[in-house]
Structures are given as structure tokens and as C-alpha cells.
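Going from the sequence shown to our numbering is simple: count from 1 and add 455.
Heads up, the thing below is written out as C-alpha cells.
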Amino acid sequence: MIETLNNLKKGESGRIIAFKGKGNTRKHLMEMGLIKGSEIKVERVAPLGDPIEIRVKGYCLSLRKDEAKKIEIEII
456 MIETLNNLKK GESGRIIAFK GKGNTRKHLM EMGLIKGSEI KVERVAPLGD
506 PIEIRVKGYC LSLRKDEAKK IEIEII
């Protein structure tokens with residue numbers, strides 16, 4: 456099943472399959488280590504849903520909801 460990262464709940468995992476958008480946003484996400492094929496897990500979600508904390512490649516990373524909406528994942 457394909458979703459965007461912002462739709463995952465705490466404890467759910469997925470694999471990055473694509474990025475929406477181009478330019479600086481895409482580059483910024485890739486510079487943070489979010490690359491196609493990477494497995495991610497949602498560790499925490501703030502009370503109002505923004506930001507979310509994910510684990511990728513052994514480290515934790517916080518993303519704003521707007522950033523997470525641009526990451527397409529396959530749920531695993």
C-alpha cells in the first residue's frame with residue numbers, strides 16, 4: 456500500500472519510494488538522509504500532529520507535516 460509519510464501512525468514503518476515536488480525541498484530531504492529505498496519508522500508524533508519524529512538509518516529525525524506530505528512510502 457502506498458501512502459505519504461504524514462499518514463503513518465506511531466510505531467508504523469515504511470520504505471521510501473518517491474518524493475513529491477522538486478528543487479530545494481527534495482534536495483533538503485535527501486541531504487537529511489531520506490533517500491529512495493530507505494526504511495523508516497515513526498517513533499513519535501507531537502500532540503497536534505506536527506512535527507513527527509522518524510527513525511531512519513539508525514538515527515532520529517524530526518519532520519514538519521508539510522515535509523512528510525512530500526514523501527511517498529510503501530507500508531511494510
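Quick reminder that beta carbons are idealized off the backbone N, C-alpha and C, glycines included.
**Q.** 8 Å Cβ shell around residue 528 - same chain, five flanking residues per side excluded
**A.** Within the sequence shown, numbered from 1, the residue matching residue 528 stands at position 73. Once the five neighbours on either side are set aside, the close Cβ partners of residue 528 are 457, 458, 459, 460, 463, 469, 470, 471, 472 and 495.
(Q) Assuming residue 465 and residue 497 are in contact, meaning their beta carbons sit under 8 Å apart, how far apart are those beta carbons, in whole angstroms? (A) What you label residue 465 is simply residue 10 of the sequence shown in a count that begins at 1. What you label residue 497 is simply residue 42 of the sequence shown in a count that begins at 1. At roughly 5 Å, the Cβ-Cβ gap stays under 8 Å, so residue 465 and residue 497 are in contact.
Q | Sequence-distant residues of its chain with Cβ nearer than 6 Å to residue 486 (five each side left out) | A | For the purposes of this step, residue 486 is identified with residue 31 of the sequence shown, where counting begins at 1. For residue 486, where only same-chain residues beyond five positions count, there are no Cβ hits under 6 Å.
Q | Close-in-space but distant-in-sequence residues of the same chain around residue 475 (CB under 7 Å, 5 per side omitted) | A | Residue numbering aside, residue 475 sits at position 20 when the sequence shown is read from its first letter. The residues are 525 and 527.
(Q) Comparing C-alpha positions only, which one of 530, 499 and 512 sits nearest to residue 518? (A) Here residue 518 is taken as the residue at index 63 of the sequence shown, counted from 1. Among 530, 499 and 512, the Cα nearest to that of residue 518 belongs to 499.
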